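Enquirer: I'd like to ask you about the structure that follows.
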Amino acid sequence: MLKLSSLSLAVLALCTLPACTTPNTSAGAAAPTAGSPVAAAPAAAASTAAAAFTFDRSGEDLLVRPQDDLFRAANGGWMKDTPIPADKAAYGNFSIMSDRADERVHTLVEELSKGRYKDGSNEQKIAAYFRAFTDEAAMDKAGKAPLQPLLAQVQQLRKPADVTRYLGQMQGVLSLPLALDVQPDQKAPTMNLPLTWQGGLGLPNREYYLSKDPRMAKARAAYLSYLQTLFRLDGDRKHAARSARDVLTFETRLAKAQWTEVANRDAQKTWNPMTRAQLAAKAPGMDWQAFFGAAEMPALARLNMSQPDYAQAVAKAVHEVPVATWKLYFRARVMDANANLLAKPWRDAHFAFHGKALSGSEQPKPRWQQGIDALDGALGEAVGQQYVTRYFPADHKARMQVLVANLLKAYGESIDGLGWMSPATKVKAREKLSKYATKIGYPDKWRNYSGLTVKDGDPVGNAERAGRFEFKRVAAKLGQPVDRSEWLMSPQTVNAYYNPAMNEIVFPAAILEPPFFDMAADDAANYGAIGAIIGHEISHGFDDQGAQYDGDGKLDNWWTPEDAKAFDALGKRLVAQFAGYEPLPGHKVNGQLTLGENIADLSGLQIAFKAWKLSLQGATPPVINGLTGEQRFFYSFAHAWRSKYRDELQLRLLTADPHSPPEFRANGTVMNHDGFEEAFGVKPGDKMYKAPQDRIRIW
């Protein structure tokens, strides 16, 4: 499946970003007293609601004052007592919720596997795909034989024209130097337009090839060893070391030409529309007509070349780099893409690099869970249709609709009250907000998988066919009107996103679960967790990149020069704040890379707090489990980010992830919130204190 460009959607967190266990209810936790980390709650009017709800405080560290470190006050006990499972690179609320969703899907799939279904039905395909993926005994018996047809295609390449066609033919199947996608035209968002995007690296990004940092050097050494192992397993024992070095050298050439993660976030820089004739003139050395024809886009006349000079570099490489080197590179990509579907030595090598070296995991995830992940990529909505029928009650969607409506209302009132924005720009901002679309739970229209063939006992073939099927679906959108009903995540995904081209916020069913969203929790807790998530996604339409799109999804400047300057100045202050955080020795947060997510966190929390206050309609929230409503709101926000990471994954995320580490998403955000100071009586001298004039308030 193609990876969408980083500007396609702004997500709450990486789908691989894990989190914590579902907390145990702790209704009997003692209320704090004067002098304890949380100041004694003021008296409140008796309320029947107080008796109806509890607030889970297990996992807190009572020796840490929230005035000094809210994240550890809320999560420190859990951090000390909870190891990262051996099969995970990180652990926390996101991963626990994902595990829960995976277990549910596993139950569904096991039930389907016991039934008898018509060949070609979604049920048959789900069961067959999962069986093939999890039958390790059959993989061991087959050895490397399933790989031979794919490798034979590579061996047939003789000249640069063959390389060009192969780059087109394998779209959706392999990670290639130049990936194709089809998305809404950024200047005419009702119609689809193809685009290119950089890719094709075996290491996470260009920094891993170019940095002199010892951690990066260690990752490069692990990658070189992995490549050698792959070539040896394929029978190239004599030249495996040289072949691996040649691949690494070639990928380093690609990496030098690729754009940084910060540059790739820039909506203006990555908007480079051109005709096919202009592309051919700009990037000679490659037969672009043959490339697009092989990629099932022969009618392509115009596209967005997201990174033009990189496309030039790829075209130059097709012309200059020997075909023999390209063949070694393609072999490496084929072997890497399929190693986890082959005999045990291949699977072990794949985990040693991807799981251990790059992420720090001590052992692979259970095979059944890997199978669920693979199913999500191949038949995500077919599985999702089964999932929501059983696990997403209608009342969950109804309550979410109320929360979203309240958040949107609060956002509008916040826009009206901005002191740094002119009336003219406020009108435009309000207009954009009024056009937001909201998707909750699952699609109204499910994808049709009738064209996908899934066979028992053929995991490599199933993966290849699924990749081709998905790319063919994407390619068919070329020149067609945008389908606004389309979802870019499956219902069983624990995540959420904002899509600027659609001006929509999307919340899959699996994220609408405890501890983020709990039908049994009071509004203070729900607004602090899922409310902040809703506010986060709304705010992406007004972050440093989303704010460049209008209410119709068009990349269009609706700002006055003075307001744009004021907005940019606020953003620079936020960049500086987060650039001061150092999660790993010698590796600080990239404040520019994480700016959009930090704006969304900051503004989302502000709006969630305002929406919660509006929902009270003047009533005083009860004290529950020793906490005022305001304190529960902020503790709930901090609980949501409960998580811990292995250093290898943390390094990878610091170089590529537009999200700040969870600790700083919690503490760095609330330090700018007046309500946090008031809720906990934060004073000068407290570590979480920030002077009022220094607090950053954007939306």
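Throughout the sequence shown, residue numbering follows mature numbering (1 follows the signal peptide of the UniProt record, and there is no 0), covering -21 to -1, 1 to 678 in sequence. Even glycine gets a Cβ: it sits at the ideal position worked out from N, Cα and C. Here the structure is a predicted model, which is why all the values come from computation and not from measurement.
Check whether chain B comes within 9 Å of L574, counting only Cβ atoms and requiring the distance to be less than that.
Expert: Chain labels in this structure do not include chain B; a single protein chain is all it has.
Enquirer: Three or more C-beta pairs closer than 8 Å, one from the segment 644 to 659 and one from the segment 584 to 602: is that the case here?
Expert: Contact between the segment 644 to 659 and the segment 584 to 602 is present, because at least three Cβ pairs lie under 8 Å.
Enquirer: Excluding the 5 residues preceding and the 5 following residue 680 in the sequence, name in chain order all residues of the same chain whose CB lies nearer than 7 Å to its CB.
Expert: This structure cannot speak to residue 680, because the chain is shown only from -21 to 678.
Enquirer: Return the CA-CA distance between S594 and E82, expressed in angstroms with no decimal places.
Expert: Taking the straight line joining both Cα atoms gives about 35 Å.
Enquirer: In whole angstroms, what is the alpha-carbon distance linking A377 and R144?
Expert: Approximately 50 Å between the Cα atoms of the pair.
Enquirer: Where do the ends of the alpha helix (DSSP H) carrying M284 lie?
Expert: Where M284 is concerned, there is no enclosing alpha helix (DSSP H), although the beta strand (DSSP E) it sits in stretches over 281 to 284.
Enquirer: Hey, W466 and Y428: beta-carbon distance below 9 Å or not?
Expert: Going by C-beta atoms, W466 is not nearer than 9 Å to Y428.
Enquirer: What runs of the beta strand (DSSP E), each 3 residues or longer, lie entirely inside the segment 262 to 326?
Expert: Those beta strand (DSSP E) runs which fall completely within the segment 262 to 326 and span 3+ residues are 281 to 284.
Enquirer: Could you tell me the distance, in whole angstroms, from the CA atom of S615 to the CA atom of A52?
Expert: Their backbone Cα atoms lie some 12 Å apart in a straight line.
Enquirer: Hey, quick one: how far does the alpha helix (DSSP H) through G514 stretch, first residue to last?
Expert: It spans 511 to 519 - the alpha helix (DSSP H) in which G514 sits, taken as one unbroken run.
Enquirer: Among the residues of its own chain, which have a CB less than 6 Å from the CB of L157, if the five just before and after it don't count?
Expert: So the qualifying residues of the chain are T175, V293.
Enquirer: Rounded to a whole number of angstroms, what is the C-alpha to C-alpha distance between S154 and M314?
Expert: So the two alpha carbons sit approximately 11 Å from each other.
Enquirer: Please tell me whether, using a cut-off of 8 Å, the distance from the CB of L174 to the nearest non-hydrogen atom of the ligand FMN is below it.
Expert: Among the ligands in the structure shown, none appear at all, so the ligand FMN cannot be discussed.
Enquirer: If contacts are defined as beta-carbon pairs under 8 Å, then A480 and Q162 qualify, I think. What distance do you get, rounded to the angstrom?
Expert: About 6 Å separates the two Cβ atoms, so the contact holds.
Enquirer: What number of angstroms, rounded off, separates the C-alpha of S92 from the C-alpha of D141?
Expert: About 42 Å.
Enquirer: Which two residues bound the contiguous alpha helix (DSSP H) that contains F448?
Expert: It spans 438 to 454 - the alpha helix (DSSP H) in which F448 sits, taken as one unbroken run.
Enquirer: Is it the case that the segment 481 to 500 contacts the segment 523 to 536, given that we only count it when at least three CB pairs across the two stretches are under 8 Å?
Expert: Touching, yes.
Enquirer: Out of A290, P564, M284, which has the shortest C-alpha to C-alpha gap to G264?
Expert: Minimum Cα distance to G264 is reached at A290.
Enquirer: Please report the Cβ distance between P45 and F659, rounded to the nearest whole angstrom; I am assuming they are in contact, meaning their Cβ atoms lie under 8 Å.
Expert: Rounded, the Cβ-Cβ distance is 5 Å, consistent with contact.
Enquirer: What would DSSP say about N72, mapped onto helix, strand or coil?
Expert: In the structure shown, N72 sits in a helix (DSSP, three-state: H, G or I).
Enquirer: Please say whether I419 and Q365 have beta carbons closer to each other than 9 Å?
Expert: It is not a contact, given that the beta carbons lie outside the stated cut-off.
Enquirer: Identify the continuous alpha helix (DSSP H) that holds F557 and give its terminal residues.
Expert: First-last of the alpha helix (DSSP H) with F557: 540 to 558.
Enquirer: Work out the CA separation of I512 and R631 for me, nearest whole Å.
Expert: Taking the straight line from one Cα to the other gives about 24 Å.
Enquirer: Over the uninterrupted alpha helix (DSSP H) stretch that includes V649, give me the two end residues.
Expert: Per DSSP, V649 belongs to the alpha helix (DSSP H) from 641 to 649.
Enquirer: With distance defined between alpha-carbon atoms, name the residue in M149, L282, G356 nearest to D164.
Expert: The option with the nearest alpha carbon to D164 is L282.
Enquirer: So, at 7 Å on beta carbons, what are the nonlocal neighbours of R110 in its own chain, with the 5 sequence-adjacent residues on each side left out?
Expert: Taken in chain order, the residues that qualify are S92, D435.
Enquirer: Under DSSP, the alpha helix (DSSP H) around M379 begins and ends at which residues?
Expert: 373 to 395 is the extent of the alpha helix (DSSP H) around M379.
Enquirer: Please return the same chain residues whose Cβ sits closer than 6 Å to the Cβ of N319, not counting the five positions on each side in sequence.
Expert: Same-chain partners within the cutoff: R326, H329.
Enquirer: DSSP three-state label for D636, please.
Expert: Coil at D636, not helix or strand.
Enquirer: Can you tell me whether P600 is buried or exposed, with buried defined as 16 or more other CB within 10 angstroms of its CB?
Expert: So P600 ends up on the buried side.
Enquirer: Below 8 Å on the Cβ atoms is my contact criterion, and I expect Q148 with L159 to pass it. Report the Cβ-Cβ distance as a whole number of Å.
Expert: Their Cβ separation, rounded to whole angstroms, is 12 Å, which puts Q148 and L159 out of contact at 8 Å.
Enquirer: Please return the same chain residues whose Cβ sits closer than 7 Å to the Cβ of A403, not counting the five positions on each side in sequence.
Expert: Within the same chain, A403 has close Cβ partners T539.
Enquirer: How big is the Cα-Cα spacing for G38 and Q247?
Expert: The straight-line gap from Cα to Cα measures roughly 44 Å.
Enquirer: Grab the span of the beta strand (DSSP E) containing Y506 for me, first residue to last.
Expert: No beta strand (DSSP E) holds Y506; DSSP gives it neither H nor E.
Enquirer: Short of 8 Å in beta carbon distance, which residues of its chain neighbour R674, apart from the five on each side in sequence? Order them along the chain.
Expert: Around R674: M650, N651, H652, D653.
Enquirer: From D78 to A489, what does the alpha carbon distance come to, in whole angstroms?
Expert: In a straight line, the C-alpha of D78 is about 11 Å away from that of A489.
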